[in-house]
Amino acid sequence: MSTMKTDAIIIGAGWAGSILAKELTEAGLSVTILERGDDRATATEGDYPSSIDELRGAIRHRLFQNLSQTTVTIRNTVDQTAVPYRRLAAFLPGEGVGGAGLHWSGVHFRVAPDDLALRTNIIARYGKSFIPEGMNLQDYDVTYEELEPFFDKAEKVFGTSGEPHTIRGKVAGKGNPFAPDRSDAFPLPPMKDVYSATLFKTAAANVGYHPYSLPAANASAQYTNPYGVQMGPCNFCGYCSGYDCYMYSKASPNVNILPALRQDPKFTLVTKAHVLKVNLDSDGRKATGVTYLDLRTRQQVELRADLVIISAFQFHNVHLMLLSGIGQPYDPVRNTGTVGRNFVYQTITTSRAWLPARHYTNQFVGAGGAGVAIDDFNSLNFDHGPLGFVGGAPVWVNQAGVKPIAAAIGGPGGKAPTWGEGYKDALVDTYRHSLAIDAHGSNMAYRDVYLDLDPTYSDAYGQPLLRMTFTWKDNDIRMNQYVVSRIEPIMKAMGATRYALGTLKAGEPFDTRRYQTTHLGGGAVMGADPKTSAVNRYLQSWDVPNVFVIGASAFPQGMGYNPTGMVAALAYWSAYHIRTTYLKNPGPMVQA
Amino acid sequence: MKTPSSTRRTFIGGLLGSASFWLYSNHEVWADALAAGQAGPYTPRYFNEAEWRFLNAACERIFPTDGHGPGARSLGAPEFIDRQMDTPYGHGALWYMSGPFQNAPANLGYQLSLPPREIYRQGIAAADAYVRDHHDGRGFADLDAADQTTVLKALEQGDIALGSVPGHTFFEQLRQNTLEGVFSDPLHGGNKGLAGWTLLGFPGARADFMDWVNQDGAPYPFGPVSISGETA
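Protein sequences appear in the order of chains A and B.
If you want the working numbering, it's the position in the first sequence, counting the first as 1, plus 7.
If you want the working numbering, it's the position in the second sequence, counting the first as 1, plus 263.
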């Protein structure tokens, strides 16, 4: 085994890892990113037209994790035996440089400030008894005001297009009236609304809701970001989600950060480097570096460092903590430990409106981050008292570019056949004349929903797989059903000839066979109490203070908004405090 | 039946199961798919004659020829599926295929040890045997369209036990691959003449709607184009 030394090791070359690498090299550190996948460059494998091949892209998962090497096991309840997630379906982790930040859509939200202190806010409004038994409702221990400069910074790096509501307390545009105040405008004007989104905007306003154009990390115009890298204007080609954007319009670590980093002599990117564990010193209180497997040579390599940043995909972060012995594994029976606790997801269901045949929705036209949404039923923007659930959902038309294979396999919807006689009629009608409306909602954390190591299955490197114990709970199902019921007036107002409302069903278990969302969260959550959080407010491990764990793994609850904006802001927030506080005096930044 | 060259078979066989398989075979196999013959009737490489007859008949029932235009057979879906059998996907190299393999509730997903190639090989053999038992010795391809549809519906609903492959699993494999063949870029062997895309009004690889973001409900005016530049 060979041994080398660097100041900081960063595990994973997605958004969080790339942001930390940029910040730490700016602080003068030598930084090595270890990425287990391949290098990925938009100029070569993301080129037009070869990259816009639906079969190779979204269907055979060109940019996604190859499960043959490692996956997770899943069960719904603690009394079941977990079985492997053998085929990608319900969620789609990325692999390779850029990670999920390369194949994402680009919806780029900040956060609903109330969500950051959801426990405190729910108790203040409705009392402690409003929280259902078994729900681990928690605060982030960070405020919107503290994070605002980092949301602003991330938007400028991402080249985000959007319309503000208020800037420094003054109304500055027709943006989301529920959005928190901003210190500055979006770097680019909002994306255009496609026809479907326009219909939704008009109808939602007519029934008294507050529609706004989504903030999108899809460039509405040519843009140069603060790192000097350039983006081209989005042409609504529809190949965002699952693809690498041949137009250089969708923000990705590959386009927006790595071109600047790669020129820095203090920066090293090692691909095909699968980290097996973070090494700790003899008393387990300090990381000494990592051991990784070089997938090209099949040799183990020990890399030493003063600082280790775990910034892989959400559940890989938790997996690596468990494999390395960082923090105490969560035990749902004794309700002790924190690593694996508060594992969360999001609730997402799609409803569909069919329009008269003279209206063509041209659903192949789209941009992954663009669309029109309402926040009237998200976060604490409505009264939960009479409804009796915690959580909410933005509702939107987010026409990201519907491709024919996905549309055909998914079927025409409603009660139409999914093959054979009558199928083509219905498919043509749905593809040409319908539009989709999603309720993209929160998911709360529960005592018996968690992550741990599987006792039976292992990966290609002989390490135990991560085990998910997850299912839908009554609170979240009722939230979804309520919010979806609020879509019905929009359907009627837009003149739908018919519509189908998609909801979770009472008692329905989580189904791993159907794509829902890749917005998994929690498992290594941030907070004020080391008994209920794995990392402190700066995303620093309570147990091993020279380890920081960055990503959606830090979310105590699954929020209604898409997570990437929050992940990027937390990455910049953590990096700022590492630079200004930790590096001057390495040690715990919050006393346990 | 045409067989792949021995060098290619050795190459793929030697890499199967190694971490490098996906990396290297990816480019090789897709390039191979691209280079496959464009002219003349297609000769299957993976499926034998009986399987090929079954596959052609079943694809056509799933996506039939009708007033909307050609069905899966003339669109080349069987050819597409045959070619897919020699990709990493066909070999199961994109799936976690380590044991133990155990029964689990359906909502926890696929739990068989079979890659797509074997789902077809075992599924077709079992389905054809079932049909022969119930239709005086005639195979699936020799039934009339209505009887074929009845058999496929029974498979879909899990009413036929096929032994190693549950009927529903086999049917869903067939349905998904058929629709992939109908609607994927023709470079993969299906969607002949871009007729799948024409049916839906999908413009294929145009992928530039800068001037067509919002046409106030009017249809997009241009027909499809493929990655190789073919138009319809």
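Even for Gly, the Cβ is constructed at its ideal location relative to N, Cα and C.
Within-8 Å CB hit, residue i to chain A
i	result
glutamine 478 (chain B)	yes
glutamine 439 (chain B)	yes
valine 414 (chain B)	no
glutamate 342 (chain B)	no
leucine 357 (chain B)	yes
aspartate 349 (chain B)	no
serine 337 (chain B)	no
tyrosine 431 (chain B)	Sequence check: residue 431 (chain B) is histidine here, not tyrosine. No, histidine 431 (chain B) does not count as interfacial toward chain A.
aspartate 422 (chain B)	no
proline 482 (chain B)	yes
phenylalanine 446 (chain B)	yes
glutamate 443 (chain B)	yes
glycine 386 (chain B)	no
leucine 371 (chain B)	yes
glycine 246 (chain B)	Absent from the structure is residue 246 (chain B), since the part of chain B shown begins at 264 and ends at 495.
glutamine 436 (chain B)	no
Beta-carbon contacts of residue i that lie in its chain and below 6 Å, excluding the five residues immediately before and after
i	result
isoleucine 264 (chain A)	Ser25, Lys29
arginine 438 (chain A)	Just to set this straight, residue 438 (chain A) is tyrosine in the shown sequence, not arginine. Around tyrosine 438 (chain A): Ala414.
tyrosine 464 (chain A)	Thr80, Pro91, Leu472
isoleucine 387 (chain B)	Glu314, Phe317
threonine 13 (chain A)	Ser37, Thr39, Ala312
leucine 590 (chain A)	none
Buried versus exposed, by CB contacts within 10 Å (16 or more), residue i
i	result
phenylalanine 485 (chain B)	exposed
alanine 364 (chain A)	exposed
tyrosine 299 (chain A)	buried
aspartate 146 (chain A)	buried
arginine 189 (chain A)	buried
aspartate 122 (chain A)	buried
arginine 269 (chain A)	exposed
arginine 5 (chain A)	Look at the range of chain A in this structure, 8 to 599, and you will see that residue 5 (chain A) is not part of it.
valine 445 (chain B)	buried
aspartate 338 (chain A)	exposed
glycine 291 (chain A)	exposed
Chain B within 8 Å of residue i, Cβ atoms only
i	result
leucine 62 (chain A)	yes
isoleucine 497 (chain A)	no
valine 372 (chain A)	yes
proline 120 (chain A)	no
threonine 525 (chain A)	no
proline 56 (chain A)	yes
asparagine 450 (chain A)	no
histidine 366 (chain A)	yes
glutamate 42 (chain A)	no
aspartate 86 (chain A)	no
aspartate 200 (chain A)	yes
histidine 323 (chain A)	no
Residues of its chain near residue i, where Cβ-Cβ distance is below 7 Å and the 5 sequence neighbours each way are ignored
i	result
leucine 286 (chain B)	Because leucine 286 (chain B) sits at a pLDDT of 37, beneath the cut-off of 50, its placement in the model cannot be relied upon, and the point is left open.
glycine 492 (chain B)	none
proline 6 (chain A)	Coverage of chain A is limited to positions 8 through 599, which leaves residue 6 (chain A) absent and any answer about it impossible.
tyrosine 151 (chain A)	Val118, Pro120, Leu123, Pro187
glycine 332 (chain B)	Ala458, Leu462
Close beta carbons around residue i, own chain, < 8 Å, minus the five adjacent residues each side
i	result
glutamine 321 (chain A)	Leu527, Gly528, Gly529, Gly530, Gly558, Ala559, Ser560
glutamine 374 (chain B)	Phe364, Gln365, Asn366, Ala367
aspartate 410 (chain B)	His398
Distance cut-off 7 Å: residue i Cβ against heavy atoms of the ligand ZN
i	result
alanine 458 (chain B)	Only the bare structure without any ligand can be found here, which leaves the ligand ZN out of the picture.
Checklist entry - At a Cβ cut of 7 Å, what residues of the region 223–234 of chain A count as close to chain B, listed as they run along the chain? => result Within the region 223–234 of chain A, no residue qualifies.
Next on the checklist: Between the region 499–519 of chain A and the region 530–540 of chain A, can you find at least three pairs of beta-carbon atoms closer than 8 Å?
Outcome noted: no
Item to check | Contact list for the region 300–329 of chain B against chain A, Cβ threshold 8 Å | outcome: Listed in sequence order: Arg324, Ile325, Phe326, Pro327, Asp329.
Checklist entry - What residues in the region 461–478 of chain B have a beta carbon less than 7 Å from any beta carbon of chain A? => result Leu462, Leu463, Gly464, Phe465, Pro466, Ala468, Ala470, Asp471, Phe472, Met473, Trp475, Val476, Asn477, Gln478
Checklist entry - At a cut of 8 Å, does the region 400–408 of chain A reach the region 483–498 of chain A through at least three beta carbon pairs? => result yes
Next on the checklist: If contact is defined by three or more beta carbon pairs under 8 Å, each pair taking one atom from either stretch, is the region 197–208 of chain A in contact with the region 384–395 of chain A?
Outcome noted: no
Checklist entry - Between the region 574–585 of chain A and the region 151–163 of chain A, do three or more beta carbon pairs fall short of 8 Å? => result yes
Checklist entry - Would you call the region 335–345 of chain A and the region 409–429 of chain A in contact, with 3 or more CB pairs under 8 Å? => result no
Checklist entry - Mind listing which residues of the region 90–115 of chain A have their C-beta closer than 7 Å to chain B's C-betas, in chain order? => result So the list reads Val90, Pro91, Tyr92, Arg93, Arg94, Ala96, given in the order they occur along the chain.
Checklist entry - Taking a cut of 7 Å between CB atoms, which residues from the region 403–419 of chain A lie near chain B? => result Pro411, Ile412, Ala415, Ile416
Checklist entry - Is the region 446–465 of chain B close to the region 337–352 of chain B, with three or more CB pairs under 8 Å? => result yes
Checklist entry - Closer than 8 Å, Cβ to any Cβ of chain B: which residues of the region 233–251 of chain A, in chain order? => result Taking a C-beta cut-off of 8 Å against chain B, the contacting residues of the region 233–251 of chain A are Pro240, Asn242, Phe243, Cys244, Gly245, Tyr246, listed in chain order.
Next on the checklist: Taking 8 Å as the cut-off, does the region 539–556 of chain A touch the region 319–335 of chain A (at least 3 CB pairs, one atom from each stretch)?
Outcome noted: yes
Next on the checklist: Count Cβ pairs between the region 211–229 of chain A and the region 253–262 of chain A that sit closer than 8 Å; are there 3 or more?
Outcome noted: yes
Checklist entry - Do the region 473–488 of chain A and the region 512–520 of chain A touch if we need at least three Cβ pairs shorter than 8 Å? => result yes
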